[in-house]
Amino acid sequence: MKSSKVEIPKLKIEQMKERFAKLLLGEDMSGHGNGVSSALALSNAITNLAASVFGKQNKLAPMPEDLKKRWRKEVNWLLSVTDNIVEFVPSQQQAKDGSNMEIMVTQQRRDLLMNIPAIKKLDAMLIDCLDNFKDEKEFWYVAKDADESEKGVQRLDRWWLPSVKVPEGGLSDETRKWMQHQKECCNQVLKASMAINAQVLSEMEIPETYIETLPKNGKASLGDSIYKSITDEYFDPGEFLASMDTSSDQNVMELKNRIEASIVIWKRKMNQKELKSSWGSSVSSEKREVFEERAETILLLLKHRFPGLPQSSLDISKIEYNKDIGHAVLESYSRALQSLANTVMNSIEDVLYADEVVRNPEMETMMMKKEQSVDVVALSISSPRAIRGVKDWTGVHSPKGKPSSMNLLDSMGWGFDQGKMEMMNGNSSPVKILTKAKMSYIEKLEAYGLRSPTARH
């Protein structure tokens, strides 16, 4: 017994040595100095850890205890690096004579001090959400190789996963409401993790290698058709996306890369002090600013309607050449939670879809059509990859039907006034972008009605 107690700490120490040695060497264990930067090594470590822990989480069930413990232990090891990323802040100290004087003390860098606790909270919420399905008996999963008579309902775009089976009469009202509540909780986690990730990526420097690949102007990047739509006098982001072919991830990614490239081009041109740059200029800076705002709005809609997309060319380039370890940790950690939240939401939607099909057999035929629609509710039914984005800001409803007093963003200090809530809930006409007034990330979410799908019963 005594020897076993000694061996456990030694094993942990050896694991930590191996993990941090790999980080210090930039993943080049040969020691020849050919490794990647410390920031990229840390980003890869968090990404790979999340993939190995959450990669097989394709059912609504608690994580195995060994994986849960491994995740908490190893992610804390990696996060410990940020404890030494500090800055000087003023503080008061009392002298021996009783007088107060201002001194400078070290404190964890502000973005890390604020965001790491927030991301840890999101992490705990997702793990708790999965734990909530421990004793669930109103639905179950059937293996792919099961007999046809035993198989349940499965969405076409998730054919490789086990099918979902629900009772003949569907889920009970209580369970259905509870499932919707769990979905809204995951939606909040997804929304918050996407916001943090987007903010961190926006603060990363754009590498010169990416800039060198850009065309001369925004029109060349977008193409004539897209450029004409964005630069038209009247512009509606919903109508624009409805006119685009978003039937496949490849098409959406191509559009996303084009939009991001045009934003970078326009921002660089607006920041140039000389009236005539080497790039040439046929568009005023005021118009460019309007076009850039419109492009950012489209990009925001794409990110929230298709949260499971791979990273864009710009994001990959930023992560690869980023040297800021703090940014690397925040970006990779929030991205890992964003992916898990999207996976859990898809699994919840699988169960709700199976319930709909059992109670309404015609529903399956409707879903097969996969009609694309700009309307948020229609998207939630016709496209399994539809808007995950943002729930109503008026609070999550508990299973008993009572709105909770505070949602996740409120608890983090990201509250919103009643006027903005009314704008979200109202059936206003499509927004026409006619001004170059700057809007924040969250304000854009509100302005363009990125709400989570409403209940389908």
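Residues in the sequence shown are numbered consecutively from 1, following the UniProt record's numbering.
Each residue gets a CB set at the ideal place from its N, CA and C atoms; glycine is no exception.
Model, not experiment: these values are computed from the prediction.
Which same chain residues, not among the five before or five after residue i, have their C-beta less than 7 Å away from its C-beta?
i: lysine 12; result: none
i: isoleucine 103; result: Ser91, Gln93
i: asparagine 197; result: Glu331, Ser334, Arg335, Gln338
i: lysine 69; result: none
i: aspartate 249; result: Leu309
Quick one: residues in its chain with C-beta nearer than 8 Å to the C-beta of residue i, no 5 flanking neighbours on either side, listed in chain order?
i: lysine 267; result: Glu292
i: leucine 112; result: Thr82, Ile85, Gly326, Val329, Leu330
i: phenylalanine 240; result: Ser229, Ile230, Ile298
i: proline 430; result: Because the pLDDT of proline 430 is 39, which lies under 50, any placement of that residue in the model is unreliable, and the number read from its coordinates should be weighed accordingly. Within the same chain, proline 430 has close Cβ partners Asp236, Gly238, Glu239.
i: threonine 343; result: Phe54, Gln57, Asn58
i: tryptophan 314; result: Per the sequence shown, residue 314 should be read as leucine rather than tryptophan. Excluding positions up to five away in sequence, the list reads Ile206, Tyr210, Asn257, Glu260, Ala261, Val264.
i: arginine 110; result: Glu87
i: lysine 400; result: At lysine 400, the pLDDT of 38 sits below 50, so the modelled position is not reliable; the number obtained from the coordinates is stated separately. There are no such residues.
i: leucine 214; result: Ser221, Ala261, Val264, Ile265
i: serine 43; result: Ile319, Asn322, Ala328, Val329, Glu331, Ser332
What is the residue span of the beta strand (DSSP E) that residue i lies within?
i: glutamate 65; result: Segment 65–79 is the alpha helix (DSSP H) holding glutamate 65; no beta strand (DSSP E) there.
Considering only the alpha carbon of each residue, which of the options lies closest to residue i?
i: serine 80; options: Met179, Met16, Gln92; result: Met16
i: aspartate 324; options: Pro162, Leu302, Glu203; result: Glu203
i: tyrosine 333; options: Val290, Pro9, Ala51; result: Ala51
i: tyrosine 353; options: Ala95, Val166, Glu27, Leu49; result: Val166
i: serine 317; options: Pro9, Leu40, Lys10, Ile116; result: Leu40
i: proline 62; options: Arg155, Lys287, Pro215, Leu126; result: Leu126
i: tryptophan 159; options: Ala143, Asp173, Ser172; result: Ala143
i: glutamate 136; options: Ala118, Ile116, Met114, Gln182; result: Gln182
i: alanine 195; options: Asn48, Lys303, Leu255; result: Lys303
i: methionine 114; options: Leu300, Gln199, Glu27; result: Gln199
i: glycine 308; options: Leu340, Asn360, Val290, Gly98; result: Leu340
i: leucine 78; options: Asp224, Lys10, Lys120, Gly98; result: Lys120
i: leucine 161; options: Tyr141, Phe306, Thr175; result: Tyr141
i: glutamine 107; options: Lys96, Pro117, Arg155, Val89; result: Val89
i: proline 361; options: Gly26, Glu168, Arg288, Val75; result: Glu168
i: leucine 201; options: Ala118, Ser243, Ser312; result: Ser312
i: glutamate 349; options: Thr47, Pro310, Gln154, Thr246; result: Gln154
i: methionine 253; options: Pro310, Gln180, Glu212; result: Pro310
i: tyrosine 227; options: Val290, Lys10, Lys177, Cys185; result: Val290
Based on the DSSP output, what are the partners of residue i in its beta bridges?
i: serine 284; result: Paired residues: none, contrary to the question.
i: glutamate 102; result: Gln92
i: tyrosine 141; result: Val164
i: glutamine 108; result: Val86
i: valine 153; result: Val164
Is it the case that the Cβ atoms of residue i and residue j are separated by a distance below 7 Å?
i: serine 193; j: leucine 122; result: yes
i: aspartate 355; j: glycine 152; result: no
i: valine 357; j: phenylalanine 139; result: no
i: leucine 190; j: phenylalanine 133; result: no
i: serine 285; j: methionine 270; result: yes
i: glycine 35; j: leucine 23; result: no
Leaving out five residues before and five after residue i in sequence, what residues of the same chain have Cβ atoms less than 6 Å from its Cβ?
i: glycine 218; result: Ser262, Ile265, Trp266
i: glutamate 18; result: none
i: serine 405; result: Only weak support is given to the placement of serine 405: the predicted model assigns it a pLDDT of 33, under 50, and the value that follows is read from those uncertain coordinates. Same-chain partners within the cutoff: there are none.
i: serine 347; result: Leu60
i: glycine 98; result: none
Where do the ends of the alpha helix (DSSP H) carrying residue i lie?
i: proline 207; result: No alpha helix (DSSP H) contains proline 207, which DSSP labels as neither H nor E.
i: leucine 241; result: 237–243
i: leucine 222; result: 218–222
i: glycine 25; result: In the sequence as presented, glycine is not what sits at residue 25; that position holds leucine. Segment: none, leucine 25 is in no alpha helix (DSSP H) and carries neither H nor E.
i: glycine 326; result: 325–359
i: threonine 47; result: 38–54
i: tyrosine 321; result: 313–321
i: serine 262; result: 249–271
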